[in-house]
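**Q** Provided herewith is a single structure, encoded as structure tokens, for subsequent inquiry.
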Amino acid sequence: MSSPNISKERLLIFVLFITTAAFLLGWLIGGLSLAFAIAAVNILVLWIARNIWFSDKGNYLIRMAVLGLISLVVVGSNSIWQPFLQAAFQSFFPKIPFPDFSVSALTYGFLLALASMVFYFTRDKTILGKNETPLDRHIKIPDLNDRIRMVCIALADDIRDIDRKTNWSAQYYTPLEAEVEMQTKNGRKKLVTDLLKAIKNTDDRLILLLGEPGSGKSVSLRKLCLELSDEREVLKSQKIPVYINLKEWRVDREWSEEHPPTVDELEQFVFQNLKSRDRVTSDFFDEHFSALYENGNLFFAFDSFDEIPAVLGTSHNSELINQLSIVFRKFLKGARQPKAQGILSSREFRKPTDAFGAKTNLLVRPFTTDKIVKTLERSGKISQETIRQLFKKRLDLVPLARNPFTAALLSEFITQNNIFPKNQSELYKSYLFRTLKTSCRDKLLKKQITAEEVFSVSGKIGEFIFDKYGLEAPIDELRVHLNNERLDDVIEILEFARIGRKSTGDANMFSESVQKTVSGENKPYFSPK
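Start counting the sequence shown at 0; every next residue gets the next number (numbering that gives the first Met the number 0).
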């Protein structure tokens with residue numbers, strides 16, 4: 000990787016030398032009009048070939064060359080300096096008449112426009128900004144570009160696989176970026192902006208993404224990492240995006256105040272998570288993870304802080320939450336380059352404490368009416384009249400549609416049934432049966448249990464959790480309360496369908512990813528995050 004960069008930068012230096020010489024020669028022969036014509040052509044050529052000069056140094060050289068030319072014109076046209084310039088010029092070229100350096104206001108306007116164009120087209124266009132430490136500085140392998148490309152493809156495929164497993168369809172994606180509230184260190188400033196712009200515009204190195212269950216945090220993070228994993232983006236930013244679902248972080252010991260979680264445990268989890276994906280990522284990160292981590296060449300997108308298995312069952316203000324917040328702060332900041340290093344997502348309940356240290360909080364906002372309309376339109380099968388009827392006659396469903404997940408469920412229900420659900424209960428019942436009969440069909444056959452049985456038991460599970468615990472309950476207590484011999488089978492199927500979730504270890508809790516209270520019935524139903 001290093002050799003191509005050096006050769007391109009040397010080539011750029013040579014090109015800038017030639018263009019500068021052409022500018023000066025044109026000035027001597029035909030005056031400023033010819034010189035600026037040559038400069039305009041040179042700038043056009045450099046802009047057309049802008050993809051060749053992709054490095055920071057290349058952009059810097061282009062900017063310096065343009066500033067040098069402008070400075071030459073400004074100094075040369077100044078009456079104070081003209082006698083000195085004329086004397087110096089005549090000493091070297093006594094037979095050549097000294098050119099006219101008078102510059103009109105139009106020429107200054109042209110120079111200003113020229114500088115603006117150059118600085119605009121050579122600005123940093125990477126989403127995360129460029130890392131000060133290039134990848135090739137500490138990874139000395141001849142085929143680094145090819146290895147990076149393969150790793151980017153593998154990471155992107157892994158994210159797409161997650162989307163497939165969670166039954167996520169791109170047709171339901173309505174950009175959540177425009178529904179983000181941003182708080183910065185400048186007086187707790189709040190604004191609604193694009194998620195990627197919010198991440199790029201903040202100077203904070205730790206970013207906290209908050210949102211209600213089903214608000215689209217996970218989908219947004221995966222979409223962000225897909226965009227960041229583009230090979231060209233990685234080569235520009237010198238950062239490899241890493242999506243980590245914290246639901247998978249299981250530890251072999253019990254955390255306590257005397258034995259709190261450690262940064263080493265988090266680092267080991269991340270390392271093993273990357274190694275476990277496929278052969279490409281395993282080999283690459285096995286060799287280079289430490290160097291990439293220490294030099295800030297990894298951008299971490301941590302999902303579901305509130306669902307780390309070890310914290311299920313704890314209160315939102317527990318000391319364990321605070322200890323984990325410190326662990327993530329230390330892991331993400333470390334002793335590495337001061338560039339954007341990570342984003343951590345959580346629901347409001349059990350969110351990281353102030354010890355995490357993020358000065359920028361991105362709060363996913365509910366869908367606006369316009370977003371609801373766009374989500375329903377994306378199905379391609381819902382008429383404008385049906386959408387109008389939603390806001391005229393079914394106002395009870397509009398609050399559901401403000402949540403991206405339930406908006407997608409509503410869109411799918413209307414598409415398949417050509418009517419509105421009677422209530423929230425019917426919407427979730429339809430989703431649950433559809434999931435059980437499609438994604439879990441083989442599982443149901445193997446366990447010799449019907450979708451109706453699973454649905455019935457899941458309703459009782461949800462009611463018990465909702466009434467007594469809120470978000471999760473010990474499985475042992477569920478066994479005692481329900482006294483149902485198929486409980487373990489139902490829990491296994493719900494977990495397989497990503498409708499419920501079981502934690503391991505001493506807690507042995509069962510939780511639902513999203514808690515919903517059914518309209519008209521005081522019963523919760525399960526729905527995935």
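Glycine is no exception: its CB is placed at the ideal position from the N, C-alpha and C atoms.
#1: Helix, strand or coil, according to DSSP, for Glu471 in the structure here?
#2: Drop a sphere of 10 angstroms on the beta-carbon of Ser488, count the other beta-carbons inside from all chains shown, and report buried for 16 or more, exposed for fewer.
#3: Is the beta carbon of Val542 sitting closer than 7 Å to the one on Thr280?
#4: For the alpha helix (DSSP H) containing Val456, name the first residue and the last one.
#5: Measuring straight from C-alpha to C-alpha, what distance separates Lys246 and Ile325?
#6: What is the DSSP secondary structure of Lys501, reduced to helix, strand or coil?
#7: Does the structure place the stretch 275-293 close enough to the stretch 256-265 that three or more beta carbon pairs sit under 8 Å?
#8: Let me check one thing: in DSSP terms, what residues is Ser345 bridge-paired to?
#9: Between Arg346 and Asp302, is the Cβ-Cβ spacing less than 7 Å?
#10: Out of Ala472, Glu264, Lys274 and Ile386, which has the shortest C-alpha to C-alpha gap to Thr368?
#11: Using a Cβ-Cβ cut-off of 8 Å (strictly less than) and excluding sequence neighbours within five positions of Leu220, which residues of its own chain qualify?
#12: Based on the DSSP secondary-structure assignment, which residues constitute the bridge partners of Tyr242?
#13: Can you tell me whether DSSP reads Glu176 as helix, strand or coil?
#14: May I ask you to report which of helix, strand or coil DSSP gives Thr530?
#15: Flag this pair as touching only if the stretch 420-427 and the stretch 435-453 have three or more C-beta atom pairs under 8 Å; answer yes or no.
#16: For Phe16, does the three-state DSSP call read helix, strand or coil?
#17: Who are the Cβ neighbours of Glu318 in its own chain at under 7 Å, not counting the five residues just before and after it?
#18: Which word fits Arg500, buried or exposed, when buried means at least 16 other C-beta atoms lie within 10 angstroms of its C-beta?
#19: Just to confirm, is the Cβ distance from Ala357 to Leu223 under 7 Å?
#20: Specify the secondary structure class of Met508 as computed by DSSP and reduced to three states.
#21: Are the CB atoms of Leu389 and Leu408 within a distance shorter than 7 Å?
#22: For Leu225, which three-state DSSP category applies?
#23: Note down the Cα distance separating Asp441 from Ile490, rounded to an integer number of angstroms.
#24: Just the Cα atoms here: how many angstroms apart are Leu234 and Asn316?
#25: Rounded to the nearest angstrom, what separates Gln139 and Glu264 at their Cα positions?
#26: Is Phe288 closer than 7 Å to Phe327 when the C-beta atoms are compared?
#27: Helix, strand or coil: how does DSSP classify Leu311 here?
#28: Tell me, please, whether the stretch 453-473 touches the stretch 427-434 by the rule of three or more beta-carbon pairs shorter than 8 Å.
**A** Let me lay it out:
#1: Here Glu471 sits in strand by DSSP.
#2: Residue identity check: residue 488 is Asp in the sequence provided, not Ser. Its Cβ being crowded by 16 or more others within 10 Å, Asp488 is buried.
#3: Any property of residue 542 remains undetermined from this structure, which presents the chain solely from 0 to 528.
#4: Note, Val456: alpha helix (DSSP H), Ala450 to Phe463.
#5: Near 18 Å, if we compare the C-alpha coordinates of Ile325 and Lys246.
#6: Strand.
#7: Fewer than three Cβ pairs drawn from the stretch 256-265 and the stretch 275-293 lie within less than 8 Å of each other, which leaves the two stretches out of contact.
#8: Looking at the DSSP assignment, Ser345 forms a beta bridge with Leu209.
#9: No, they are not a contact pair.
#10: The shortest C-alpha separation from Thr368 is found at Ile386.
#11: These residues qualify, in order along the chain: Leu208, Tyr242, Ala300, Asp302, Ile342 and Ser344.
#12: The partner list for Tyr242 (beta bridge, DSSP) reads Ala300.
#13: Here the model assigns Glu176 a pLDDT of 43, short of 50, so the residue's position is not dependable and the matter cannot be decided.
#14: Since the first residue shown for the chain is 0 and the last is 528, residue 530 is missing from the structure and cannot be characterised.
#15: As far as the Cβ criterion goes, the stretch 420-427 does not touch the stretch 435-453, which means the pair count is below three.
#16: In the three-state scheme derived from DSSP, where H, G and I count as helix and E and B as strand, Phe16 is classed as helix.
#17: Sequence-distant partners of Glu318 (beyond 5 residues in either direction) whose C-beta falls short of 7 Å from its own C-beta, in its chain, are Glu256.
#18: Around the C-beta of Arg500, 16 or more other C-beta atoms lie within 10 Å, and the residue is accordingly described as buried.
#19: Their beta carbons are not under 7 Å apart, which means Ala357 does not touch Leu223 by this criterion.
#20: In the displayed model, Met508 falls within a strand according to three-state DSSP.
#21: It is not a contact, given that the beta carbons lie outside the stated cut-off.
#22: Shown here, Leu225 sits in a helix according to DSSP, grouped into three states.
#23: Rounded to the nearest whole angstrom, the CA to CA distance from Asp441 to Ile490 is 16 Å.
#24: Each residue's alpha carbon lies about 41 Å from the other.
#25: It should be noted that the sequence gives Lys, not Gln, for residue 139. If you draw a straight line from the Cα of Lys139 to the Cα of Glu264, it comes to about 28 Å.
#26: Result no, Cβ atoms of Phe327 and Phe288 do not sit closer than 7 Å.
#27: Three-state result, Leu311: coil.
#28: Segment contact: the stretch 453-473 against the stretch 427-434, three or more CB-CB distances shorter than 8 Å; contact assigned.
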